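Chains as they are written, first to last, in our numbering: chain A, 1 to 138; chain B, 1 to 138.
Ideal Cβ placement from N, Cα and C applies to all residues, glycine included.
Note that the structure is predicted; figures quoted are calculated from it, not measured.
Protein chains: 2
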Amino acid sequence: MDQRVSFITLVVTDLGATRDFYVDGLGWEPELHVVGEVLMFRVAEKVVLSFWAEAGFVAEVGHAPTRGGVPPITLSHNLATTDGVDTVLEQARVAGATDVGAAEQRAWGGYSGYFADPDGFRWEVAHNPGEIGQSVLP
Amino acid sequence: MDQRVSFITLVVTDLGATRDFYVDGLGWEPELHVVGEVLMFRVAEKVVLSFWAEAGFVAEVGHAPTRGGVPPITLSHNLATTDGVDTVLEQARVAGATDVGAAEQRAWGGYSGYFADPDGFRWEVAHNPGEIGQSVLP
């Protein structure tokens, strides 16, 4: 098994709220939208971020996903500058994100802050000046 | 905020078990490993999959992640053929994956099966003949 991720799928409780946040709020353009079922966005050259209504997940994976609290995952959106971090956190706040934190200098050398999407999935908005952090920039 | 994911971070309870599965089991090569803290793998040209020990997440995000059951996320590993799906599911089983399901034809037109990593994160191993599915292949 090669070390490759093709799709990141987040299971959501209200796909309409997801659409409102990412499309209307952040201005993202869907690659696919099947109303009530799935909403996909290209987030890297060969990686798609997919939001999947819970019923589809339960039917295919065979388990109800754990709900409540903060999911054990973050997605990060990295930027070339610390100003960019502040700007994107403000964009997220305007788009309706919740739990929008102020960015801080981190012990690992970067500058980052978090926000939550409608299902509580945490996004990290980060400037990471290290080698790996730089390697993921566009 | 551009539609871009730089890091996918999964919060784990035992980073040693994570390392044993992905490095010893699947043969993946870390991009960074800070024992007891973080283990990173390149999974796309500009995307890194990071496993983060829970204490770091709690300190930085400010919440304990929800635990128990099946996390509301899947990562997919897509392949050009259905035989490839069967092969990778068997590789995962040999590597120590749990809940390894047999692949099936899916209503959405593909062929896929799931396995769980040491923290219960579900990987989908998939052949997706549709346009988006083909676009994520190497």
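Interface flag, residue i vs chain B, CB-CB below 9 Å
{"i": "ARG106/A", "result": "yes"}
{"i": "VAL136/A", "result": "yes"}
{"i": "ASP2/A", "result": "yes"}
{"i": "GLY96/A", "result": "no"}
{"i": "ASP109/A", "result": "Looking at the sequence shown, residue 109/A is not Asp but Gly. Chain B contact via Cβ: absent."}
{"i": "THR148/A", "result": "The question about residue 148/A has no answer here: the residues shown for chain A are numbered 1 through 138."}
{"i": "VAL100/A", "result": "no"}
Neighbour flag for residue i against chain A, beta carbons, 9 Å
{"i": "VAL35/B", "result": "no"}
{"i": "THR18/B", "result": "no"}
{"i": "ASP119/B", "result": "yes"}
{"i": "ALA44/B", "result": "yes"}
{"i": "VAL5/B", "result": "yes"}
{"i": "ALA126/B", "result": "yes"}
{"i": "LEU26/B", "result": "yes"}
Contact belief for residue i with residue j at Cβ below 8 Å, rounded distance in angstroms
{"i": "ALA97/A", "j": "GLY113/A", "result": "That pair is no contact at about 11 Å."}
{"i": "HIS77/A", "j": "MET1/B", "result": "6 Å"}
{"i": "PRO65/A", "j": "GLU54/A", "result": "7 Å"}
{"i": "VAL5/A", "j": "ILE8/B", "result": "7 Å"}
{"i": "VAL70/A", "j": "GLY109/A", "result": "At roughly 24 Å, the Cβ-Cβ gap does not stay under 8 Å, so VAL70/A and GLY109/A are not in contact."}
{"i": "PHE139/A", "j": "GLN3/B", "result": "The question about residue 139/A has no answer here: the residues shown for chain A are numbered 1 through 138."}
{"i": "VAL61/B", "j": "LYS46/A", "result": "The Cβ separation is near 28 Å, so there is no contact."}
7 Å Cβ shell around residue i - same chain, five flanking residues per side excluded
{"i": "PHE21/B", "result": "ALA95, GLY96, ASP117, PRO118"}
{"i": "VAL11/B", "result": "TRP52, GLU54, PHE57, PRO65"}
{"i": "VAL43/B", "result": "LEU49"}
{"i": "ALA17/B", "result": "PRO118"}
{"i": "TRP28/A", "result": "TYR22, PHE41"}
First through last residue of the beta strand (DSSP E) which encompasses residue i
{"i": "ALA112/A", "result": "It should be pointed out that residue 112/A corresponds to Ser in this sequence rather than to Ala. Unbroken beta strand (DSSP E) run through SER112/A: 111–116."}
{"i": "ALA44/A", "result": "38–44"}
{"i": "GLU31/B", "result": "Element bounds for GLU31/B: n/a, residue is neither H nor E."}
{"i": "ARG122/B", "result": "122–127"}
{"i": "THR9/A", "result": "7–12"}
Span of the alpha helix (DSSP H) around residue i
{"i": "GLU90/A", "result": "82–94"}
{"i": "PHE57/A", "result": "54–61"}
{"i": "SER76/B", "result": "Looking at the DSSP string, SER76/B is not in any alpha helix (DSSP H); the run it does join, the beta strand (DSSP E), is 73–78."}
{"i": "LEU15/B", "result": "15–19"}
{"i": "GLY133/A", "result": "131–135"}
Spatial neighbours of residue i in its chain, beta-carbon cut-off 8 Å, leaving aside the 5 residues before and after
{"i": "VAL85/A", "result": "LEU79, ALA103, TYR111, SER112, GLY113, VAL125, ALA126, HIS127"}
{"i": "VAL38/A", "result": "LEU15, LEU32, SER50, PHE51, TRP52, ALA53, GLY56"}
{"i": "PHE115/B", "result": "LEU89, ALA92, ARG93, ALA97, THR98, ASP99, VAL100, GLY101, ARG122, TRP123, VAL125"}
8 Å Cβ cut-off: residues of chain D touching residue i
{"i": "ARG93/A", "result": "In the displayed structure, chain D is absent; the protein chains listed are A and B."}
Beta-carbon proximity list for residue i, same chain, < 6 Å, skipping 5 on both sides
{"i": "THR82/A", "result": "TYR111, HIS127"}
{"i": "LEU26/A", "result": "ALA95"}
Task: Contact set between the stretch 56–75 of chain B and chain A, restricted to residues whose Cβ is under 8 Å from the partner - done: PHE57, GLU60, VAL61, GLY62, HIS63, ALA64, PRO65, THR66, ARG67, GLY68, GLY69, VAL70, PRO71, PRO72, ILE73, THR74, LEU75
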